[in-house]
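Asker: Each residue of the sequence shown is one higher than the one before, counting from 3 in this note's numbering.
Even glycine gets a Cβ: it sits at the ideal position worked out from N, Cα and C.
Since the model is a prediction, treat every value here as computed from it, not as a measurement.
The structure that follows is given in the form of structure tokens.
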Amino acid sequence: MVPDINHTVVTAGYGSLGTWPQTTLTTTARSSDGQTIIAYIPNGNAATITVDMTKITSATNTAQCWWFNPSNGSTTLIGSFPNSGTQNFTPPDSNDWVLVIDDVGATLAAPGSTHPQVSPLALVSPSSPDSRAKLSALPALLGWPDWTLVAGLAFVGALIVAVLRSRKRTQL
Numbered sequence: 003m004v005p006d007i008n009h010t011v012v013t014a015g016y017g018s019l020g021t022w023p024q025t026t027l028t029t030t031a032r033s034s035d036g037q038t039i040i041a042y043i044p045n046g047n048a049a050t051i052t053v054d055m056t057k058i059t060s061a062t063n064t065a066q067c068w069w070f071n072p073s074n075g076s077t078t079l080i081g082s083f084p085n086s087g088t089q090n091f092t093p094p095d096s097n098d099w100v101l102v103i104d105d106v107g108a109t110l111a112a113p114g115s116t117h118p119q120v121s122p123l124a125l126v127s128p129s130s131p132d133s134r135a136k137l138s139a140l141p142a143l144l145g146w147p148d149w150t151l152v153a154g155l156a157f158v159g160a161l162i163v164a165v166l167r168s169r170k171r172t173q174l
């Protein structure tokens, strides 16, 4: 996943860092192949974000969009949109949400769908040195000076990446 630190994917409505836990900063990343975009929106429907849909690489020119609820793992299909122009998204309620946008041609499962033998939490186990290194490097990568301000966002981001990885495994 490539962080959207220059706001080229989410171009408006991304908020600001603020002081934890009052941050309204939407954190966004795009897969290196361009087939998936994920955006964590901490302040729910207080934010409407604008996504540059041309950032989705798609042979079918169509993206499928989902809301993923990080508090309970449920998903809601938003719909399909062309991978052209911009699209505005407003979360369903005031809780934190994750917007997942996938290339329709990639035929990925719904966010949070996993193979019964694979737990997304196991992929980011705190006991795994690799996971700890990735989590520790995230603030510096995003240019954030203080780990304590972003600990929650980093964990959620790592969990989202794990969910996406497990989805890709079920497609093999």
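Pull up the distance between the alpha-carbon of Ser-121 and that of Ser-115, whole angstroms please.
Answerer: Low confidence applies here, because Ser-121 scores a pLDDT of 34, under 50, leaving its location unreliable; read the following figure in that light. Answer to the nearest angstrom: the Cα atoms are 10 Å apart.
Asker: Let's test the definition: count the other Cβ atoms within 10 Å of the Cβ of Thr-109 and tell me whether it reaches 16, buried, or not, exposed.
Answerer: Under this definition Thr-109 is an exposed residue.
Asker: Using a 10 Å radius around the Cβ and a threshold of 16 neighbouring Cβ atoms, would you call Pro-44 buried or exposed?
Answerer: The residue is buried, with at least 16 neighbouring Cβ atoms inside 10 Å.
Asker: Can you tell me where the beta strand (DSSP E) holding Leu-101 begins and where it ends?
Answerer: First-last of the beta strand (DSSP E) with Leu-101: 99-105.
Asker: Kindly list the residues whose CB is nearer than 6 Å to the CB of Gly-15, restricted to its own chain and excluding five residues on each side of it in sequence; keep chain order.
Answerer: For Gly-15, where only same-chain residues beyond five positions count, the Cβ hits under 6 Å are Ala-49, Thr-50, Ile-51, Thr-52.
Asker: Does the Cβ of Thr-197 have 16 or more other Cβ atoms within 10 Å, making it buried, or fewer, making it exposed?
Answerer: Because the chain in this structure spans residues 3 to 174, residue 197 falls outside the shown range and cannot be described.
Asker: Does the beta-carbon of Asn-85 have 16 or more other beta-carbons within 10 angstroms, so that it is buried, or is it exposed?
Answerer: Flag for Asn-85 reads buried.
Asker: According to DSSP, simplified to helix, strand and coil, what is Thr-56?
Answerer: The answer is helix: DSSP assigns Thr-56 an H, G or I state.
Asker: Over the uninterrupted beta strand (DSSP E) stretch that includes Gly-90, give me the two end residues.
Answerer: Gly is not the amino acid found at residue 90; the sequence shown has Asn there. Asn-90 -> beta strand (DSSP E) spans 88-91.
Asker: To the nearest whole angstrom, what separates the beta carbons of Thr-64 and Val-106, a pair I think is in contact under 8 Å?
Answerer: Yes, they are in contact, since the Cβ atoms of Thr-64 and Val-106 sit about 4 Å apart, within 8 Å.
Asker: Would Val-4 be called buried (16 or more neighbouring beta carbons within 10 Å of its own) or exposed?
Answerer: The residue is exposed, with fewer than 16 neighbouring Cβ atoms inside 10 Å.
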